[in-house]
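Here the structure comes first, spelled out in structure tokens, and everything after it is commentary.
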Amino acid sequence: MTESTATTRTSRPPLLRAMVPALAAAIALASWWWAPSGDAALMTDRALLGLIEDSDLYTVDVDPAPTVWEHYTIAQGDSLANLWTNQWQLPEAALYTLLNDPKSADILRQVSPGQHLEWRADGEGSLQALRLWTDPSKGWEWNLQNGQLHRSALTYERNLHQVAVRGEIRTSLSAALAEMPSLGGRAQAIAAEMGELLPLASKARKGDRFSLLVDLEYIDDAEGAYAARLAGFDYEGEQISVRAARFDDDRFYTPEGKSLLPGFRRTPFNSEYRVSSPFNLHRHHPITGRVTPHLGTDFAMPVGTRVLAPAKGVVRTVSYHPLAGRFVVIDHGQGYQTRYLHLQKAEVRPGQEVKQGDVIALSGNTGRSTGSHLHYELRLNGRPLNPMTASLPSRERLQPDELRRFQNQYAAYFDLHEQESATAVAGNGNRRDNAG
Ligand SMILES: [Zn+2]
């Protein structure tokens, strides 16, 4: 792809301005074979795009989340293509890149139930790496950089085992875990996972008791654990009392099947507003042909429209950015985050807890915006999802068949805790189960 070499112009003749949408369309059509030059080069990409309705072709790096590996174990009846686009919301282009390599296509066509997949995507939704474990110590890894694919065999010895740890809070959970050598040096990661699940920062108290079940992955004969994931936990405290385990869908549920994630509304407002620019990871720049992803959904709405929290959460950021304008970021737990750009006014402050439906801001037209609208983003573990189509963590309970499966899977675990914590529970009769 050729990059535009145009320089900035601050004023445009009216005739040219009127011609621009038609010009842009013509260029988009012609860009299959025609390298941009001539009249189009009179304008910068941005100046041209500024005249096309509601185009905000940028992302804002607000305190970017570290990219994490996401996991999935293939189940009976799964289709990779379906999981890829619908469930994981990974870019289709990356799947095509993989399938264009005959050897990779061969490997991926033979994916079968029980095999384990891991992937990592960046803050623009681009796939960086994918691993397929065909058995516990063998598999394939693909790395994608600038559209280039590198495939390698995973041949190292991979040992998985589960450890149970128990303890009591003296200062903090992370301090308590740091003293536990069986966590293979992964105490901080586990404490962070617990922090996503429970409001430990504000509600953990000295004397709170916990037991955790952790999946550890060791490779070759390295000293520390290569990876660690929380599988389940039992937290008995003065202000928090929750027991939960991770289910197939990677989310945590109580033994009764209640989700620890809050209910989610599809959109952060009450009325219907027109989508003026949809989420699109592959949006092509009409002139340069470069992929310029649109990481959120734009809704055309009058300045001053009330923006509502789509789910319970904690306000992470309230700030101003020259492109995004006034913006708000809310964390909802387990890696879910929402972002609101071009606001007129924020009605919340960082650290504030919000409930579903609370007014968090008034929409506006601040920053680089060509008309009053709300740019709304939904992210999971730092990577953008389509807010209009993503499977939202809205189900608050497992369905009966899922609940049976979940309880069978974790029966031993929960029973074990029942026995272990019998003394702790005996005194107060009923135990509470809440999501904090
Ligand atoms: Zn937008």
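Heads up: the sequence shown runs through residues 5 to 440, numbered per the working numbering. C-beta: ideal position from N, C-alpha, C; glycine also. Only a predicted model underlies this, so the values are computations on that prediction, with no experimental measurement involved.
Check, Outcome
"Sufficient close CB pairs (3 or more, under 8 angstroms) joining the stretch 147-161 to the stretch 93-113", "yes"
"Helix, strand or coil at residue 192 according to DSSP, with G and I counted as helix", "helix"
"Cα-Cα separation between residue 88 and residue 395, rounded to whole angstroms", "13 angstroms"
"Length of the line joining the Cα atoms of residue 256 and residue 216", "13 angstroms"
"Segment limits, beta strand (DSSP E) that includes residue 302", "301-304"
"Simplified DSSP state of residue 101, which is helix, strand or coil", "helix"
"At least three beta-carbon pairs within less than 8 angstroms, the stretch 355-366 to the stretch 320-339", "yes"
"Distance cut-off 7 angstroms: residue 127 Cβ against heavy atoms of ligand 1", "no"
"8 angstroms Cβ shell around residue 359 - same chain, five flanking residues per side excluded", "313, 316"
"At least three beta-carbon pairs within less than 8 angstroms, the stretch 405-414 to the stretch 257-273", "yes"
"Per-residue burial, residue 324 [other beta carbons within 10 Å of its own, 16 or more giving buried]", "exposed"
"Spatial neighbours of residue 210 in its chain, beta-carbon cut-off 7 angstroms, leaving aside the 5 residues before and after", "173, 174"
"Start and end residues, alpha helix (DSSP H) containing residue 111", "106-113"
"Residue ranges of each beta strand (DSSP E) within the stretch 204-245, 3 or longer", "213-223, 231-240"
"Nearest residue (CA-CA) to residue 267, options 321, 338, 197", "338"
"Closer than 7 angstroms: residue 298 CB and nearest ligand 1 heavy atom", "yes"
"Cβ-heavy atom distance, residue 511 to ligand 1, below 7 angstroms", "Given a span of 5 to 440 for the chain in the structure shown, any question on residue 511 remains unanswerable."
"Which of helix, strand or coil DSSP assigns to residue 287", "coil"
"Chain-order list of residues whose beta-carbon lies under 8 angstroms from that of residue 144 (same chain, five-residue window excluded)", "108, 111, 135, 136, 138, 155, 156, 157, 158"
"Cβ neighbours of residue 285 in the same chain (closer than 7 angstroms, five flanking residues each side left out)", "95, 129, 297"
"First and last residue of the uninterrupted alpha helix (DSSP H) at residue 4", "No answer is possible for residue 4: it lies beyond the span of the chain, which begins at 5 and ends at 440."
"Selected residue, minimal CA-CA separation from residue 383, among 300, 231, 402, 330", "300"
"Distance cut-off 7 angstroms: residue 379 Cβ against heavy atoms of ligand 1", "yes"
"Residue 264 in three-state terms, based on DSSP", "coil"
"Contact set for residue 230: own chain, Cβ-Cβ below 7 angstroms, skip 5 residues either direction", "221, 222, 223"
"Burial state of residue 188, where buried means 16 or more other Cβ atoms lie within 10 Å", "buried"
"Distance, residue 271 Cα to residue 411 Cα", "33 angstroms"
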